[in-house]
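A quick write-up on the structure given underneath.
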Ligand SMILES: C=C1C[C@]23C[C@H]1CC[C@H]2[C@@]12CCC[C@@](C)(C(=O)O1)[C@H]2[C@@H]3C(=O)O
Ligand SMILES: O=C(O)CCC(=O)C(=O)O
């Protein structure tokens, strides 16, 4: 009987891996990096958090509750619609509705999602928004994410002493820049009860561990927990730390491209989602990438600034590539792969230290 039940649970999960269920001890405590974007010295705090952790929570962001609420309500409505109606907007290749399958190379998660392409300041005409109301809410939300991406990337430039302020922001949200932006709506149903009964200490992986390839990501979630980030100790071992959900805030996540452009000063953080035992998690994430032809290499001013008096300028830790090349390689990779590894000339020091 137990064997049959276990088989049934395994079948329901298909090839979705299980991880240890998070407990309160895994929560990020007082050390969680938080930046008040409206405060004096915010640029310094942004740089500090990106260098130390590769992510931070944003408060005083100025995004209206209605903007978030409208898109989240549309997402909930869409995910609650009949499976056939959702499937009509899939499979995600890469855009559209997807369920359990992530990317093209066999990654699986306990989630369903809608991946939408952005063209300039709004959803791409080619992107299959399931309804006009979802499209309108998404366009309004994308406007808010673009403003936040500009603010944060300008603060990164300012905090690092890079001029002009728009050097990074313009790559992602510059007028007329054919940048590569994506909006993803994720729904993680609760862990199946059968599995919970059989293996109370295990939970299905919602979204497997990965780093984001772009410059920055901006994440919002409802009040259901699940996001974890990998922090490292001095020996290089990592520990998964839960970031408590806060629907009133956003999380900014450093992507691989920003790691390279800052020559490893800022670190893309590995993160994952673990399905919650009881509640659905709904998240919305904006990915800010540059135009395909953008060269991804350390900003010149950082290499010059990194050199001491009379020394030669700091060397790039990476082989050069364009965003288009990196993106192509990303789509050929598995979610959890270290996509920057083939481009490393010099491995960066220990990432994202445990506090
Ligand atoms: C296995 C995958 C799934 C990928 C592509 C490839 C490797 C990296 C994944 C992500 C991670 C960040 C968001 C995303 C939208 C991106 O740009 O790269 C993801 C994309 C997808 O979910 O389709
Ligand atoms: O749902 C989340 O909290 C994170 C989602 C994520 O990492 C992604 O969509 O790439």
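In the numbering used here, the protein residues as written are 287 to 641.
Backbone N, C-alpha and C define an ideal beta-carbon position, used for all residues, glycine too.
- Our two residues, residue 565 and residue 385, have alpha carbons roughly 18 Å apart in a direct line.
- Beyond the five residues adjoining it in sequence on each side, residue 619 comes within less than 6 Å, by CB distance, of 625 in the same chain, given in chain order.
- Between residue 602 and residue 584, the gap from beta carbon to beta carbon is short of 8 Å.
- By the CB criterion at 8 Å, residue 436 and residue 455 fall inside the cutoff.
- Between the C-alpha atoms of residue 373 and residue 395 there is a straight-line separation of about 17 Å.
- Taken in chain order, the whole beta strand (DSSP E) runs of length 3 or more contained in the stretch 336–401 are 341–345 and 382–388.
- Here residue 629 carries a helix assignment [DSSP, helix/strand/coil].
- Taking 7 Å as the cut-off, one finds no heavy atom of ligand 2 near enough to the beta carbon of residue 342.
- Within the chosen limit of 7 Å, ligand 2 does not reach the beta carbon of residue 402 with any heavy atom.
- Taking non-hydrogen atoms of ligand 1 into account, the C-beta of residue 498 is found less than 7 Å away from one of them.
- For residue 415, same chain residues with a beta-carbon under 8 Å away, outside a window of 5 residues either side, are 402, 409, 421 and 424 in chain order.
- Out of 305, 568 and 532, the CA that lies nearest to the CA of residue 320 is found in 532.
- For a cut-off of 8 Å, the C-beta gap from residue 543 to residue 499 is around 7 Å, short enough to register as a contact.
- When the alpha-carbon of residue 460 is set against those of 432, 404, 557 and 599, the nearest one is in 432.
- DSSP, read as helix, strand or coil, puts residue 434 in helix.
- Judged by pairs of C-beta atoms under 8 Å, the stretch 511–529 touches the stretch 305–316, as three or more such pairs exist.
- Across the structure, residue 350 and residue 325 are spaced so that their CA atoms are roughly 18 Å apart.
- If only complete runs of 4 or more residues are kept, the stretch 565–614 shows the alpha helix (DSSP H) at 586–591, in order along the chain.
- In this structure, DSSP gives residue 546 a helical state, which the three-state scheme calls helix.
- Spatial neighbours of residue 465 in its own chain (CB-CB distance under 6 Å, excluding positions within 5 residues in sequence) are listed in chain order as 458, 576 and 577.
- For the pair residue 562 and residue 511, the CB atoms are nearer than the 8 Å cut-off.
- Closest in C-alpha terms to residue 327, from the list 344, 445, 343 and 556, comes 445.
- The beta carbon of residue 419 sits closer than 8 Å to the beta carbons of 360 from its chain, once the five residues preceding and following it are set aside; these are given in chain order.
- Distances from the CA of residue 536 to each of 398, 379 and 438 were compared; the closest alpha carbon is that of 438.
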